[in-house]
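To convert, note that position 29 of the sequence shown is 829 in this note's numbering; the numbers rise steadily by one, no gaps.
Every residue gets a Cβ at the ideal spot worked out from N, C-alpha and C, and that includes glycine.
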Amino acid sequence: MLTRQNGGPYGLGAAVGEGADSPVLMKRGQNVGYQAYLILLPGEGQGMVVMTNSDNGSILAEALIRKAAALYGWPPLGALAD
801 MLTRQNGGPY GLGAAVGEGA DSPVLMKRGQ NVGYQAYLIL LPGEGQGMVV MTNSDNGSIL
861 AEALIRKAAA LYGWPPLGAL AD
């Protein structure tokens, strides 16, 4: 799950980004009326989950995640997708 597969940007189920000392794992999911995001920084022992009950929840979720990233000094996350 933590290792990129076949030279692409994905591990087994999650997008794998580059952190300062370890990978950054990102997973997004949605159903009608719901949005969910998972960000893990295993090297820093940090992460975040945002779950919303709205088809437009990604607007709030991405704003919260980017604010947390700035506050905690996370590496640039780029696109929050999987």
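task = Report buried or exposed for proline 876, applying the criterion of at least 16 other Cβ atoms within 10 angstroms of its Cβ.
result = Counting from 1 along the sequence shown, the entry for residue 876 is found at position 76. Under this definition proline 876 is an exposed residue.
key: glutamate 844: first and last residue of the uninterrupted alpha helix (DSSP H) it sits in   = Position 44 of the sequence shown holds residue 844. It is not in any alpha helix (DSSP H) - glutamate 844 carries neither H nor E in the DSSP assignment.
message = For proline 842 and alanine 814, what's the separation of their Cα atoms in angstroms?
response = For the purposes of this step, residue 842 is identified with residue 42 of the sequence shown, where counting begins at 1. For the purposes of this step, residue 814 is identified with residue 14 of the sequence shown, where counting begins at 1. Rounded to the nearest angstrom, the two C-alpha atoms are 13 Å apart.
key: Residues sharing a beta bridge with leucine 871, DSSP   = Here residue 871 is taken as the residue at index 71 of the sequence shown, counted from 1. Assignment of beta-bridge partners to leucine 871 by DSSP yields no partner.
key: Collapsed DSSP secondary structure at alanine 879 in the structure displayed   = If you number the sequence shown from 1, residue 879 lands on position 79. Here alanine 879 carries a coil assignment [DSSP, helix/strand/coil].
request  = Evaluate alanine 861 with the Cβ neighbour count: other Cβ atoms within 10 Å of its Cβ, from every protein chain shown; 16 or more gives buried, anything less gives exposed.
outcome  = Here residue 861 refers to the residue found at position 61 when the sequence shown is read from its first residue. So alanine 861 ends up on the buried side.
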